[in-house]
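Enquirer:
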Amino acid sequence: MPTDRFAAIRQAFGDTFIRYVLAIPDDVSLDCLHLVPRQEEAVAFLEPLANSVIQSDTDFERAWLRTLAIAHGTVESGTYNVTLMRQDCGGSVPDTNSDDEVEKALLECVRDAYPVLLLPVVSHEIQLPGSMLLSGISQTEAANRLRTTIFEDEDMVRLFPESDGVRGDSYLTWEAGESGILQAIMLPELLTSYALLMAALEESPTIEKCLSYGRATLATCRALARGERVRLPLLVGLSNIELGRSVDQIDLVAGKILRPTTAALNRLGPAAEPNVTAVLATEAHQRLVRIEPASVNKGQMQDRLADVSDSQRLAREAAHEEVRLAIDMCRYSLLLASNGDAHIAALVQRTTRFNPLSSGTSVSLAQRDFAPYGPVTLDKEAARQANNWAVKVCRDHPRSLNIGMRRVLSAVTVRDDPMDGFIDAVMCWENLFGESQETSFKVCGSLAMLLELDDEWMRTDLFSKLKKLYEIRSKLVHGSAEPDALTAVRHRDEAVSIALRAMRRAYDVPGLLQMRNSTERYKRVLLGVNPPNFIEK
2 MPTDRFAAIR QAFGDTFIRY VLAIPDDVSL DCLHLVPRQE EAVAFLEPLA
52 NSVIQSDTDF ERAWLRTLAI AHGTVESGTY NVTLMRQDCG GSVPDTNSDD
102 EVEKALLECV RDAYPVLLLP VVSHEIQLPG SMLLSGISQT EAANRLRTTI
152 FEDEDMVRLF PESDGVRGDS YLTWEAGESG ILQAIMLPEL LTSYALLMAA
202 LEESPTIEKC LSYGRATLAT CRALARGERV RLPLLVGLSN IELGRSVDQI
252 DLVAGKILRP TTAALNRLGP AAEPNVTAVL ATEAHQRLVR IEPASVNKGQ
302 MQDRLADVSD SQRLAREAAH EEVRLAIDMC RYSLLLASNG DAHIAALVQR
352 TTRFNPLSSG TSVSLAQRDF APYGPVTLDK EAARQANNWA VKVCRDHPRS
402 LNIGMRRVLS AVTVRDDPMD GFIDAVMCWE NLFGESQETS FKVCGSLAML
452 LELDDEWMRT DLFSKLKKLY EIRSKLVHGS AEPDALTAVR HRDEAVSIAL
502 RAMRRAYDVP GLLQMRNSTE RYKRVLLGVN PPNFIEK
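For what it's worth, the working numbering labels the leading residue of the sequence shown as 2, then goes sequentially.
As C-alpha cells, then:
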C-alpha cells in the first residue's frame with residue numbers, strides 16, 4: 002500500500018506527474034499500489050521537495066519548487082532528473098538521436114523538461130508572458146552541450162559576433178521595433194521554454210509533440226540568424242465570445258480560436274484576466290535587422306535606436322499592421338458568421354508576441370469590460386459558419402475594404418456611444434460603394450441594388466430607408482443634435498445590419514471584390530457594368 006510519503010508527493014506534484022515519473026500505467030490505481038524498490042527510491046528522492054512544496058506559502062514559490070524536481074540533485078551518472086527516474090522505474094522515453102549535434106542537445110533538454118507540463122498549474126498562478134519556469138534545466142549535461150555546439154553551428158554562431166567559442170552576448174534589434182540582449186548561456190532555457198510553450202497551448206501535449214516543437218524551434222532560430230523573415234506565434238486574449246461544450250476549437254485559416262486553458266492564459270501576461278473567455282492563436286512575421294556585440298555601450302545603443310531610417314519606420318509599421326490585420330481578419334470572419342442580431346463581436350483584451358530568442362515578450366493591453374453586443378457562445382453550427390467565412394475572407398478580402406472591415410468591427414466591439422457605432426457602420430457602406438461626389442445616391446442605390454436585386458418594390462423601400470439613415474449620419478457629423486438613446490441604438494443596429502448584409506453579399510458577386518476601389522464597385526452594381534446580371538444564383 003502507498004506510504005504517507007507517497008501521499009505527500011502526490012499532493013505536491015499531482016497524479017499525472019507521478020504516473021509519468023514512476024512509469025505507472027493509467028489503468029493502475031494510485032490508491033492501491035505496490036511500489037517496487039526503484040519506485041521507492043524515486044519517491045524517497047522526491048520527498049524533501051514535496052515537503053517544501055506543501056509547506057510553501059505562495060503559489061509562485063510552490064510552482065518554482067515543483068520544477069526543481071525536473072533536474073534536481075546529482076548521482077554518479079550525472080544530473081538525476083525525472084527522465085532517469087522514469088527509466089529506472091521501467092518507463093520508456095522517445096529517442097532523441099540526431100546527426101545534428103545542436104538538435105540532439107536541444108531535444109534532450111526538451112525531453113527532460115517535458116514533465117513540467119504535467120505539474121499542477123494554479124489558475125491564478127503568476128507567470129511571465131512568453132516564459133516558463135524551468136528551474137535546474139540549464140545545469141544539465143545536455144544544456145551544457147547545447148551551449149558548446151551552437152558556436153560550432155554555421156548559422157547559430159552568427160547570433161554572437163564576438164564570441165570566444167565558449168561564451169557570447171549580443172544585442173538584437175528586431176523588425177517590429179523590439180530590441181534586447183541575448184546571452185548564449187541562456188539559450189538552452191530560452192529554446193526549451195519556447196518549445197514547451199508552443200506545446201502547452203494544446204489541450205494534452207505529448208512528449209512527441211514537444212520534441213516536434215523543439216525541432217521547429219531550432220529551425221526558426223537558424224532562419225532568424227541568417228536574417229530571414231519567419232512567422233512567429235501570436236496569442237490574443239478575447240472576451241465576449243466563448244466556445245460551447247461541443248466545440249474544441251475553430252479554424253479561421255489565419256488563426257485558431259482555442260479554449261482559454263490555464264496554460265494559454267498564463268502565457269498572455271503576468272496573470273490571467275478573468276474576462277478572457279477565448280484565445281486566438283495566430284502568427285506574424287518577424288526578422289532580425291541588426292546583430293551587434295553586447296559590448297556596444299549603452300549610449301551607442303540609444304543613438305542607434307533613435308536613428309531610425311524611413312525604410313525602417315515603414316518596415317516597423319508594416320510589421321504592426323500585419324499583426325492588426327491577422328487579428329481583424331479572424332474577428333471579421335466570426336462577425337460575418339453571426340446569426341441574426343446575435344453578433345459575434347470578439348473584443349481584444351491582450352495581445353502577446355512570442356520569440357524564441359527573447360527572454361521577454363511584447364505585450365499590449367486593451368482590457369475592455371463593455372461591448373455593444375453579446376456575449377455569444379459558439380456552437381458547432383457557428384463554428385462551421387465561421388470556418389466557411391474565414392476561407393472566403395482569407396481568399397477574397399481586398400485591401401481596399403480594410404477600412405470597412407475595421408469600421409464595422411469597431412461599431413460592434415469598441416464604440417460605447419451608439420451614435421459612434423452608427424457612424425462607423427455607415428462608413429463601412431461608403432468604403433464599399435462611396436465616391437467623392439453625390440455619395441448618398443451612389444452608396445444607398447448600390448446597397449439597395451446589391452441586397453434586393455430581384456424585387457423592385459423591396460429595392461425601392463430599402464433605398465428610401467437607407468437614404469434616411471444616410472441623411473441622419475450627415476446631419477450628425479455636421480453638428481445636428483443627437484437623437485435619444487433608444488433611437489440612437491435603433492439607428493446603429495440598422496446600419497450595422499445593412500453593413501454586414503452587404504459585406505456578405507459582396508462575396509456572391511463575381512469579380513466585385515477584385516475591383517480596385519469603391520468607385521469601380523458602385524459602377525459594377527448600380528450601373529450593371531460588366532456584366533449586367535452579376536449575381537450568381
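Think of the CB as a built atom: it goes at the ideal place given N, C-alpha and C, for glycine as much as any other residue.
#1: Excluding the 5 residues preceding and the 5 following aspartate 380 in the sequence, name in chain order all residues of the same chain whose CB lies nearer than 7 Å to its CB.
#2: Tell me, which residues are paired with glutamate 109 by DSSP?
#3: Starting from alanine 282, trace the beta strand (DSSP E) both ways and give me its first and last residue.
#4: Check whether the stretch 48-55 touches the stretch 6-13, counting contact only when three or more Cβ pairs, one atom from each stretch, lie closer than 8 Å.
#5: Please report the distance separating the alpha-carbon of aspartate 27 from that of arginine 63.
#6: Pick from Leu225, Leu107, Glu176: whose alpha carbon is nearest that of serine 194?
#7: Using C-beta distances below 6 Å, list every residue in its chain close to glycine 91, excluding the 5 sequence neighbours before and after it, in chain order.
#8: Please report the residue range of the alpha helix (DSSP H) in which glutamine 140 lies.
#9: Compare the C-alpha of asparagine 98 against each of Asp113, Glu109, Phe464 and name the closest.
#10: Check this for me: beta carbons of phenylalanine 355 and leucine 191, under 8 Å apart or not?
#11: Compare the C-alpha of leucine 467 against each of Leu477, Thr488, Val427 and name the closest.
#12: If you follow the alpha helix (DSSP H) that valine 409 is part of, which residue opens it and which one closes it?
#13: Does the beta-carbon of proline 38 have 16 or more other beta-carbons within 10 angstroms, so that it is buried, or is it exposed?
#14: Going by DSSP in three states, leucine 448 sits in which element: helix, strand or coil?
#15: Is serine 334 helix, strand or coil by DSSP?
#16: Does the Cβ of glutamate 431 have 16 or more other Cβ atoms within 10 Å, making it buried, or fewer, making it exposed?
#17: In angstroms with no decimal places, state the Cα-to-Cα distance between threonine 352 and leucine 235.
#18: Check this for me: beta carbons of proline 373 and arginine 416, under 8 Å apart or not?
#19: Taking C-alpha atoms, which residue in Asn389, Gln313, Ala220 lies nearest to alanine 338?
#20: So, helix, strand or coil for glutamine 56, using DSSP?
#21: What did DSSP end up calling arginine 396 once you bin it into helix, strand or coil?
#22: Okay, do the stretch 431-448 and the stretch 496-514 touch, 3+ Cβ pairs below 8 Å being the bar?
#23: Excluding the 5 residues flanking arginine 408 on each side, which residues of the same chain have their C-beta closer than 6 Å to its C-beta?
#24: If you reduce the DSSP assignment to three classes, tell me which class aspartate 421 lands in.
#25: Can you give me the Cβ contacts of leucine 463 inside the same chain, cut-off strictly under 8 Å, excluding the 5 residues immediately before and after it?
#26: Counting pairs of Cβ atoms below 8 Å between the stretch 313-323 and the stretch 149-167, do you hit three or more?
#27: Provide the residue(s) that pair with proline 234 in DSSP beta bridges, ordered along the chain.
#28: Three or more C-beta pairs closer than 8 Å, one from the stretch 287-294 and one from the stretch 166-180: is that the case here?
#29: Return the bridge partner residues of glycine 256 from the DSSP annotation.
#30: Give every residue of the same chain whose Cβ lies closer than 6 Å to the Cβ of glutamate 293, excluding the five residues on either side of it in the sequence, and list them in chain order.
Expert: So, from the listed chains and residues:
#1: Gly245, Ser247, Val248
#2: DSSP, once it has assigned bridges, lists no residue as partnering glutamate 109.
#3: 279-287
#4: yes
#5: 26 Å
#6: Leu107
#7: Ala24
#8: Element bounds for glutamine 140: n/a, residue is neither H nor E.
#9: Glu109
#10: no
#11: Val427
#12: 403-414
#13: exposed
#14: helix
#15: helix
#16: buried
#17: 7 Å
#18: yes
#19: Asn389
#20: helix
#21: helix
#22: yes
#23: Asp425, Met428, Cys429
#24: helix
#25: Leu448, Ala449, Leu452, Glu453
#26: no
#27: Glu284
#28: yes
#29: Thr283
#30: Tyr172
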